[in-house]
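Notes follow the structure.
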Amino acid sequence: MPLPRPSKLTLGAGLGPLSNRPAEFQNQTTLVLDQNKRPRFAAISRRVLALPHEILAEIFIQCLPNDEFIAPSPRTVPLLLCSVCRQWRMVALTNPKLWRSLDIRLAGTPDYIELYQNWLSRAANTPLSISLHASADHTTADSPAKALFQTIVRLSPQWRNVDLTGARAALRCLLPEEGRFPLLAKLTITHRDDDYPISFLDAPNLREVHALQYLTRSLRLPWSQLTLFRADEVALSCCLEVLRHTSNLVNATLHFGTEDSPSGVSLPPLIHLRSLTLCGPWSNGEKALSAVLDSLTVPALKTLTLRFPYNLRLPFDISPFVGLSLRSSFQLQTLVLYHMPTTTEALIQCLKVVPSIVHLKIGPTYRVDMKQIYTRLARSTDFLPKLESFHAIFTSEVSYVWRQDIPALLQMLPWRWAAVGVARLRSFQLAHTYSNDDFDETLTSHSQFLRLVEQGMELYVGKARPIVDSFPNLVDI
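Under the numbering used here, the first residue of the sequence shown carries the number 5, and numbering increases by one thereafter.
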């Protein structure tokens, strides 16, 4: 989203709050946070003016937005602080930590570029978080942004968290073939130029890498030291090659974007991996997921998410999932299955091989009879005996909730709440993406349901809610 046009408060005569010109301030006002945590002006207190600068500086840092990268705005900290009083302006401008994060969106105006330059200069020697959005027009020799690029490159030893996905055309200007990045801990990048190698091998603190859309061999990374890796729309063969070298990986999210399906790939055990999310491509998604599951051994895995595309029509062969579980001997705690195209019997078999599951989130397809799942949960102490939360989401494209499932639900819920020999089911959520008032009203008005609510069980039945009742895309993670 483009930044608003420069205002007098933002830039003033060139740079406004960041300039060295004396500023005019509002009298007898200060900055406070309202009930919604938004800054507003209020009557000033002499006690505030008497605070030592060091304490004021720490308070200001706590007022920074929670955003990973801060977009300059006269209505938010740090620029807002510069317009309160002379003392606050001085403290803000001399506190480098207030300026250590910047979201750069080049709008083509020199005023913005000068603002960004001065913002970065105020950061002094602090570790920097920078997100850059630039087009090919900004990389020309006569572009006003050229000086800004030079500044960003000069500050590369201070980079801590950098997002360059919006600056794909500017990578040649920003990244040398062999750079030094001593503080870099997190990198988000899209690199599609096989003819231009980029190396982050000299980044001893790099632990997190997000590769979006492309992952070429010309991008050299210290794979063995990474603990988090996320790839979006990346070739399966490339992801498997990465997994071969990321021996210290703890968290991985892989969204495959091409149809290549290597078979018979053997990977070394990933003994530190605790969270794994796999998203199959639109075409041949089941082959991609099967290839990865067949290749992995993950004894420390605690969270597994499998997301299948909508268009799968053939039943998914569950043997790779079962093989992964038996081979790894993990104690899986959270399992998320989204549109897994399998039968009721096969799904039950999958769940039986992971009895350690505490949290289950499932988006069933039309092949699965959920009534059988509810019935199994109500009659067996060895079927998911540790289950504490059960979250089912029905999407109109592939599944539907049926009124005849209600008796099985009303049997399962109180049994799992009070049964001996299994964990107490503390949370049950059933959401659907379409209107089904009859189902919702019949279930939620039943005396058994209301009694469980009174006793403290967390229950929700109804229309799908944003975020809560969705399955993560890569950009959400």
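Every residue, glycine too, gets a C-beta built ideally from N, C-alpha and C.
Member of the options whose CA lies at the smallest distance from the CA of residue i
| i | options | result |
| --- | --- | --- |
| Trp123 | Arg164, Cys89, Ser77 and Thr385 | Ser77 |
| Tyr378 | Cys89, Leu351 and Pro148 | Leu351 |
| Val424 | Glu290, Tyr116, Arg383 and Pro82 | Arg383 |
| Glu182 | Val213, Ile202 and Val326 | Ile202 |
| Arg331 | Val362, Ser270, Ala149 and Val81 | Ser270 |
| Arg407 | Ser393, Lys150 and Asp373 | Asp373 |
| Gln335 | Pro324, Lys390 and Pro470 | Lys390 |
| Ile471 | Leu454, Thr437 and Asp442 | Thr437 |
| Glu401 | Leu232, Ile74, Leu225 and Pro313 | Pro313 |
| Ala396 | Arg380, Ser431 and Pro272 | Ser431 |
| Ser222 | Cys242, Glu58, Asp236 and Leu85 | Cys242 |
| Phe64 | Phe73, Pro56, Leu85 and Gln91 | Leu85 |
C-alpha distance - residue i paired with residue j, whole-angstrom precision
| i | j | result |
| --- | --- | --- |
| Ala422 | Met461 | 11 Å |
| Arg109 | Ala138 | 7 Å |
| Arg93 | Asp71 | 22 Å |
| Ala96 | Ser105 | 14 Å |
| Thr338 | Lys365 | 8 Å |
| Ala412 | Phe475 | 25 Å |
| Ile361 | Leu388 | 6 Å |
| Ala468 | His363 | 19 Å |
| Ser147 | Leu119 | 16 Å |
| Thr192 | Leu216 | 8 Å |
| Ala304 | Tyr342 | 22 Å |
| Leu381 | Gln353 | 13 Å |
| Pro272 | Gln229 | 16 Å |
Identity of the residues DSSP links to residue i by a beta bridge
| i | result |
| --- | --- |
| Asp167 | Ser135 and Thr192 |
| Gly425 | In the DSSP output, where bridge partners are listed per residue, Gly425 has none listed. |
| Cys283 | His259 and Arg311 |
| Tyr464 | Gln433 |
| Thr338 | Thr307 and His363 |
| Arg224 | Ser203 |
| His214 | Thr192 and Arg234 |
| Leu106 | Ile134 |
Whether residue i touches residue j by CB criterion (7 Å)
| i | j | result |
| --- | --- | --- |
| Pro368 | Ser403 | yes |
| Ala171 | Leu188 | no |
| Val302 | Leu277 | yes |
| Asn165 | Lys190 | yes |
| His214 | Arg234 | yes |
| Ala512 | Glu458 | Residue 512 cannot be examined here, being either before or after the span of the chain that is shown, 5 to 481. |
| Gly261 | Glu237 | yes |
Sequence-distant residues of its chain with Cβ nearer than 8 Å to residue i (five each side left out)
| i | result |
| --- | --- |
| Arg371 | Pro319, Pro345, Thr346, Thr347 and Thr348 |
| Leu456 | Leu417, Pro418, Trp421 and Leu463 |
| Asn129 | Pro100 and Gln162 |
| Val254 | Thr231, Leu232, His276, Leu277, Arg278 and Ser279 |
Cβ neighbours of residue i in the same chain (closer than 7 Å, five flanking residues each side left out)
| i | result |
| --- | --- |
| Val465 | Leu434, Asp444, Leu447 and Thr448 |
Beta-carbon contacts of residue i that lie in its chain and below 6 Å, excluding the five residues immediately before and after
| i | result |
| --- | --- |
| Ala174 | Ala138 and Thr143 |
| Val357 | Val326 and Ser329 |
| Glu28 | Summary for Glu28: the model assigns pLDDT 49, below 50, so the residue's position carries little reliability; its value from the coordinates is reported in the next sentence. None. |
| Trp227 | His249 and Thr250 |
Min CB distance residue i to chain C below 7 Å
| i | result |
| --- | --- |
| Pro114 | Absent from the structure: chain C. Only one protein chain is present. |
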